[in-house]
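I have placed the structure first, in the form of structure tokens, so that the comments after it can refer back to it.
Below is the structure:
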């Protein structure tokens, strides 16, 4: 077994090149009305120049909606299937275009934050108080991001130096819930230090639908972000995120008795502690060149049990060092602007099962990966934007992978029409649990697993009507192979292929005092045997409206989830196989409002599940009924 991948040596080489100031070109300043995004290209670009399907949830959207959980914001994004069985604080999953939850690469200020053990980020840990915007990139993105971006990328950008000097909010309401956050920023957009502290506690509901005991949640988090120009052409940016979360949960009956296959009341709980930190040194000593060096570290610890006794848990850490360097130039006549960027990174992970069931699980497990890639981007006549990227990942413990991405966007002059299309491939590496196992009596790891692989294609048409209406329709398709599936008592790569395709439609109208946004997704996602995959509704839709009336603001939202299947273990001991059982469609309405009583003080209120809908996002798990909250918001510019 190779201890270090053969391309690991390329990282320090590229670091040296970067330190020698090999830079990437400055672009012509984009129009101010075009939002700049940091997802979907090696360097920030105006959003209309991204050929991939991209949704941006801005700070104004977050404020208007009044949501405190990121998971609720993501329900309005086309192509995303969101589930959180058991209520606030319970495990929250996001599936992009039918892919699995661990196929989504989740970044916070550019740092990967999914736990090392199972590779799937739990969105219940993420509150909205520190967030400036969210960028959601759909489709395989391995050509730029490497492993674990098989389904897409969700990039969370926290508040920086352009925020208010001080902002705070507090809220209380149903289920014994209290929450609040305080944020401060000093400096300006270029040189700043920003900090946000958030806290939420709720008594919750019973996670088990048939239960009566409430399962509460406590979440405390801290975000720090800062940046400064150290010299001409030299800039340093850094961030730190820490989360401490304790959640009460319920157990699952697998005894073969009358409650077989159901969630049941008990004293289960889990404690989660996550830390992520990173820094980037950007160099631009002359026009037309730049480079960047980055380092990040994340650590996560999970402990859980029941009746006051811990009996499961793990610890994992990830260290990543990366560098990029590029060059841009214009062709004669200036009709084409070219940019070439090369990048390399080295990543090492370590994992330990802190409650081993067998001696072989006691040692800390380690693995590493090195990646090398390049991106070529060309802007033609300021209306056609093409991008191609390729990347090779050299893995220590399993098969190497080469992934690509091709995107195109064309803004037809004078029509308000933009065509966009992308093709990409992606991989997701086996998790530590899948590779090394957990309990030899019930689950054995498989060291011979291959990474899961996917390829996807989409094509869309975006139409702008004047400055107040934007509509986009996109068709997409994707194929997954080598999916890692359970074959008791271990996991294997499935020999078949899972196929997904569908249509996403989104629209946005903005009249200043009144706005309307909506989305619709039709998805077909099938396992290799031809049956529908679980927790992927065939139809989804959302509609949000807001209005500003004097000093008051009101927002109304609706989310529709069509019928979907879920894994059902109730008859497992009949033929020792799980079945797929339908879950009913649901409609959730939300109402939020605020009233500004002074230049700095605002009163807020919101009602969730306005119609008091009874529903399940997973078989036998409960969901909150109607809930009302009220609070205050203070902003000092």
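Residue numbers (mature numbering (1 follows the signal peptide of the UniProt record, and there is no 0)): -26 to -1, 1 to 611.
The beta-carbon is built from N, C-alpha and C at its ideal position, and this holds for glycine as well.
When the five nearest sequence neighbours on each side are left out, the beta carbons in the same chain lying within less than 6 Å of the beta carbon of residue 220 are those of 192, 245, in order along the chain. Within the same chain, 146, 175 come within 6 Å of residue 152 by CB-CB distance, once the 5 residues on both sides are set aside. Here residue 369 carries a strand assignment [DSSP, helix/strand/coil]. For residue 529 against residue 488, the beta-carbon gap comes to about 11 Å, at or over 8 Å, which does not count as contact.
Put simply, the backbone Cα of residue 164 is about 31 Å away from that of residue 247. For the pair residue 196 and residue 168, the CB atoms are not nearer than the 9 Å cut-off. With fewer than 16 other beta carbons inside 10 angstroms of its own, residue 8 counts as exposed. In the DSSP assignment, the residues bridged to residue 213 are 199, 252. In this structure, residue 39 lies near residue 566, with their beta-carbon atoms less than 9 Å apart. In the structure shown, the three-state DSSP call for residue 408 is helix. Distance from the Cα of residue 128 is smallest, within the candidate group 114, 65, 190, for 114. Around residue 605, the same chain offers 143, 144, 145, 146, 578 as residues with beta carbons nearer than 7 Å, after the five sequence neighbours per side are excluded. In the assembly as shown, residue 263 is a buried residue. Its beta-carbon has 16 or more other beta-carbons within 10 Å. Looking at 549, 325, 154, 179, the one whose alpha-carbon comes closest to that of residue 410 is 325. Burial check for residue 404: the Cβ neighbour count within 10 Å reaches 16 or more, so the residue is buried. Judged by DSSP secondary structure, residue 533 falls within the beta strand (DSSP E) whose first and last residues are 526 to 535. Taking the C-beta atoms as reference points, residue 181 is found nearer than 9 Å to residue 59.
Using a 10 angstroms sphere on the CB of residue 290, the tally of other CB atoms reaches 16 or more, which defines it as buried. Setting aside the 5 residues that flank it on each side, residue 41 is surrounded in the same chain by 47, 102, each with a C-beta closer than 7 Å to its C-beta; the list follows chain order. Between residue 11 and residue 24, the CB-CB gap stays under 9 Å. In this chain, the beta strand (DSSP E) harbouring residue 439 covers 426 to 439.
Leaving aside the five residues that flank residue 36 on each side, the residues in its chain whose CB is nearer than 7 Å to its CB run, in chain order, 47, 102, 105. Here residue 162 is exposed: its Cβ has fewer than 16 other Cβ atoms, across all protein chains shown, within 10 Å. Secondary structure at residue 58: coil, using DSSP grouped into helix, strand and coil. With a cut-off of 8 Å on Cβ pairs, the region 264 to 279 is not in contact with the region 224 to 234, counting fewer than three such pairs. CA-CA distance, residue 95 to residue 82, rounds to 11 Å. Residue 86 is bridged by DSSP to 81.
Note on geometry: alpha-carbon atoms of residue 284 and residue 276 lie some 10 Å from one another.
Exposure of residue 386 is indicated by the presence of fewer than 16 other C-beta atoms within 10 angstroms of its C-beta. DSSP places residue 287 inside the beta strand (DSSP E), whose first and last residues are 283 to 304.
By the criterion of a C-beta distance shorter than 6 Å, residue 362 is surrounded in its chain by 350, 380, once the five residues flanking it on both sides are discounted. Residues of the same chain with a CB within less than 6 Å of the CB of residue 304, apart from the 5 flanking positions on each side, are 311 in chain order.
In this structure residue 439 is exposed. Its beta-carbon is surrounded by fewer than 16 other beta-carbon atoms within 10 angstroms. Residue 24: not part of any beta strand (DSSP E); DSSP gives it neither H nor E.
Taking the Cβ atoms as the reference, residue 29 lies roughly 5 Å from residue 51, within the contact range of under 8 Å. According to DSSP, residue 403 shares a beta bridge with no other residue.
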